[in-house]
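J.: Residue numbers (our numbering), protein chains in the order written: chain X, 1182 to 1413; chain L, 1182 to 1413. Even for Gly, the Cβ is constructed at its ideal location relative to N, Cα and C. All values reported here derive from a predicted model rather than from experimental measurement.
There are 2 protein chains.
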Amino acid sequence: MTEAMTPSDAKTWTSETVAGDLERAIHEHRLPPGTKLGEDELGEAYGISRTLVRAALQALSYRRLVELKRNRGAFVAQPTVAEAREVFEARALLEPRTAHSAAVRMTDAALDELRAHITAEHDALREGDTGRALFLSGQFHILIAQVADQRTIEAFVSELISRSSLIIALYWRRRAAMCESQAHHALIDAFEARDGVLAEELMKNHLLDLMASLDLRNLVPRPQSLREALGR
Amino acid sequence: MTEAMTPSDAKTWTSETVAGDLERAIHEHRLPPGTKLGEDELGEAYGISRTLVRAALQALSYRRLVELKRNRGAFVAQPTVAEAREVFEARALLEPRTAHSAAVRMTDAALDELRAHITAEHDALREGDTGRALFLSGQFHILIAQVADQRTIEAFVSELISRSSLIIALYWRRRAAMCESQAHHALIDAFEARDGVLAEELMKNHLLDLMASLDLRNLVPRPQSLREALGR
DNA sequence: GTGAACTAAGTTGTATACGATATTGCGCTC
DNA sequence: GAGCGCAATATCGTATACAACTTAGTTCAC
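Printed below as a string of structure tokens:
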């Protein structure tokens, strides 16, 4: 399921690191929406007791990455179309202005880091690791909030990015072109020029493009797992 | 500490209801910033084991209302000046546009509810219950996000409102005039007229006024509890 | 008398045990 | 053979037990 399954690594896991590991697995689509996350199973996988597993699952449920159903267990969340719209609505409010702030405060070191992200994303795609590419693409957005020096907004954006990855897993229309890094390249240019207004506009359009590449018509919500589809 | 202390009520508490009860107590300033929240103490107060208490404290720590210090325990959070600025920065991005949406979608029933909130706030103030007044004042903002039909943004705003109450506890300048409901009255008028542009502008100014009524100079961060002041 | 070190008490961190609930499969009835 | 009901199994919910850490208090050395 995750690399934690290999019994060889002797890492000592905490609820936080387990939550992070699971979040990354979800973000990279190694754990697709609807996957059952059994407590015993996870505990054995990580070599910890259910106590810590439950803490990690709770943390993920607060970020809406995992849905906790009483007496039924934890499942990787399956955002509805309405929820998908809400997530991008929130991103539209937060990210453009944050990109503006980031452009103003941009440092050369941060620019290098952003460029490194794009390079790594390209490499991952060339290796066919679309999951890792998607993850890196998300980190790009989070890094922008970090540069803007807004940790509260960063936390919100981080959650929204992860949820976006679930939305992409469910509603992505054209599989071919991943998160087109064209937009990220253009953003970097704006950052390099410290052009806040341009960065804000580019981010706004980037998010609109992303949303446009999704199929958010209310046709078939994708039955997925028979019973889950009926919400029971 | 909270009404849960009275042993008479036979309510069965869950981690969620305990978290909600604690959050309200924090919001109403019955649990001031820096208060130690001992697990055994809380467990006895609510008549539950530490397991559920820990779950509730974790939930509150994800909302940044409680700070968890490893092997030290849980404390009501004490936002720094920088954090206070971040919270209001985030609110400035989220709430005005959300007020705009709310104005467009406003219903008569929601208008009545908003008015009821203001009335209840006045009553609380007249009774000298400033804590309850502050809580209701916050609920007013959350209700707006509900009307806007944005549950994701509502969750963010809800967190920011609660954190704002901590900020007010620490940095409020003029004790007399609580969250001046003048602004809320004006917002209701804009909502009644379904004037989105006006509501957005009023909300923006309301937040600026609120921030202006705080003392966010970096003078003395308020030592509070001697050792806590040194971050140890 | 000051300081360090050790000891003891208290609190949190984690695992485990037990009870409650949901689900599955079997067998019975019709 | 179809449908219902009951039992068995599996999983989650909560409490409790024990280990680890922090902290406070005391003693001893200097």
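State the Cα-Cα distance for the pair G1412(X) and A1200(X), rounded to the nearest angstrom.
T.: Reliability fails at G1412(X), whose pLDDT of 47 lies under 50, so the model's placement of it is uncertain and the value that follows must be treated cautiously. Answer to the nearest angstrom: the Cα atoms are 25 angstroms apart.
J.: Report the rounded CA-to-CA distance for S1189(L) versus A1301(L), giving the unit in angstroms.
T.: Only weak support is given to the placement of S1189(L): the predicted model assigns it a pLDDT of 45, under 50, and the value that follows is read from those uncertain coordinates. In a straight line, the C-alpha of S1189(L) is about 27 angstroms away from that of A1301(L).
J.: Do the segment 1269-1284 of chain X and the segment 1373-1382 of chain X touch if we need at least three Cβ pairs shorter than 8 angstroms?
T.: In short, these stretches touch, since the Cβ pair count reaches three.
J.: Got a sec? Which residues, its chain only, sit under 7 angstroms from T1187(X) by beta carbon, not counting five neighbours each side?
T.: Low confidence applies to T1187(X): its pLDDT is 47, below 50, so where it sits in the model is not reliable, and the reading given next is rough at best. Excluding residues within five positions, none has a Cβ falling inside 7 angstroms.
J.: DSSP state of K1250(L), grouped into three classes?
T.: Three-state DSSP puts K1250(L) in a strand.
J.: Pick helix, strand or coil for K1217(L), following the three-state DSSP scheme.
T.: The answer is strand: DSSP assigns K1217(L) an E or B state.
J.: Per DSSP, F1256(X) is paired with what?
T.: According to DSSP, F1256(X) bridges with K1217(X) and E1248(X).
J.: Along the alpha helix (DSSP H) that carries H1210(L), what are the first and last residues, could you check?
T.: Segment: none, H1210(L) is in no alpha helix (DSSP H) and carries neither H nor E.
J.: Do R1344(X) and V1268(X) count as a contact pair if the criterion is CB distance below 7 angstroms?
T.: Contact: yes.
J.: Determine the contact status of A1329(X) and A1283(X), defining contact as a CB-CB distance below 7 angstroms.
T.: Yes. Within cutoff.
J.: Check each residue of the segment 1264-1278 of chain X: if its Cβ is closer than 8 angstroms to any Cβ of chain L, include it; give the result in chain order.
T.: Result list: E1264, E1267, V1268, E1270, A1271, L1274, L1275 and R1278.
J.: Within 7 angstroms of any Cβ in chain X, is that where the Cβ of Y1243(L) sits?
T.: Closer than 7 angstroms: yes.
J.: On the three-state DSSP scale, how would you describe T1187(X)?
T.: Any reading at T1187(X) needs caution, since the residue's pLDDT is 47, under 50, leaving its predicted position unreliable; the model's value is listed next. Three-state result, T1187(X): coil.
J.: Do the segment 1191-1198 of chain L and the segment 1222-1238 of chain L meet, that is, are 3 or more Cβ pairs less than 8 angstroms apart?
T.: Taking 8 angstroms as the limit for Cβ pairs, the verdict is that the segment 1222-1238 of chain L does touch the segment 1191-1198 of chain L.
J.: What residues in the segment 1212-1236 of chain X bring their beta carbon closer than 9 angstroms to a beta carbon of chain L?
T.: The segment 1212-1236 of chain X vs chain L, Cβ under 9 angstroms: T1232, R1235 and A1236.
J.: List the DSSP bridge partners of W1353(X).
T.: Bridge partners of W1353(X): L1395(X).
J.: Quick test of your reading: I1369(X) and R1296(X), contact by CB under 8 angstroms. State the CB separation rounded to the nearest angstrom.
T.: The Cβ separation is near 6 angstroms, so the contact holds.
J.: State buried or exposed for H1298(X), treating a residue as buried only when at least 16 other CB atoms are found within 10 Å of its CB.
T.: When all chains shown are included, H1298(X) counts as buried.
J.: Kindly list, in the order they appear in chain L, the residues whose Cβ is closer than 8 angstroms to that of F1337(X).
T.: Here the neighbours are A1271 and F1337.
J.: Counting along the chain, where does the alpha helix (DSSP H) carrying D1370(X) start and finish?
T.: Looking at the DSSP string, the run of the alpha helix (DSSP H) that includes D1370(X) is S1362 to E1373.
J.: From V1262(L) to P1214(L), what does the alpha carbon distance come to, in whole angstroms?
T.: Going from the Cα of V1262(L) to the Cα of P1214(L) covers about 14 angstroms.
J.: Quick one: what does DSSP say A1410(L) is sitting in, helix, strand or coil?
T.: Because A1410(L) sits at a pLDDT of 49, beneath the cut-off of 50, its placement in the model cannot be relied upon, and the following sentence gives the value as read from the coordinates. Three-state result, A1410(L): helix.
J.: Taking beta-carbon pairs under 8 angstroms, can you tell me which members of the segment 1365-1388 of chain X lie near chain L?
T.: Answer in chain order: no residues at all.
J.: Select from I1229(X), E1264(X) and H1322(X) the residue whose C-alpha is nearest the C-alpha of H1281(X).
T.: Taking only the C-alpha atoms, the option nearest H1281(X) is H1322(X).
J.: Give me the chain L residues within the contact set of Q1259(X), using Cβ-Cβ distance strictly less than 8 angstroms, ordered along the chain.
T.: Per Cβ cutoff of 8 angstroms: no residues; Q1259(X) is ~15 angstroms from chain L at best.
J.: Could you tell me the distance, in whole angstroms, from the CA atom of N1288(L) to the CA atom of A1336(L)?
T.: According to the sequence displayed, residue 1288(L) carries Thr and not Asn. About 21 angstroms.
J.: For my contact list, L1395(L) and Y1352(L) are in at a C-beta cut-off of 8 angstroms; report their separation, rounded to the angstrom.
T.: Correct: roughly 4 angstroms between the Cβ atoms.
J.: Straight-line CA distance for E1184(X) to K1250(L)?
T.: Low per-residue confidence applies at E1184(X): pLDDT is 45, beneath 50, and the placement is therefore not dependable, though the value from the model is reported in the following sentence. Near 29 angstroms, if we compare the C-alpha coordinates of K1250(L) and E1184(X).
J.: State the DSSP-derived secondary structure class of M1384(X), mapped to helix, strand or coil.
T.: Reduced to three states, the DSSP call for M1384(X) is helix.
J.: Who are the Cβ neighbours of S1242(X) in its own chain at under 6 angstroms, not counting the five residues just before and after it?
T.: Hits under 6 angstroms: L1249.
J.: Can you list, in chain order, the residues of the segment 1315-1346 of chain X whose Cβ is nearer than 7 angstroms to any Cβ on chain L?
T.: Within the segment 1315-1346 of chain X, the qualifying residues are Q1331, R1332, T1333, I1334 and F1337.
J.: Could you please give the first and the last residue of the uninterrupted alpha helix (DSSP H) stretch that includes S1318(X)?
T.: Residues T1311 to V1328.
J.: Indicate whether L1391(X) and A1273(X) have their beta-carbon atoms separated by less than 7 angstroms.
T.: No, the Cβ-Cβ distance between L1391(X) and A1273(X) is not below 7 angstroms.
J.: Residues in the same chain with beta-carbon distance under 7 angstroms from L1238(X), minus the five sequence neighbours each way, listed in chain order, please.
T.: Closer than 7 angstroms at Cβ, skipping near neighbours: L1218, V1247, L1249 and A1255.
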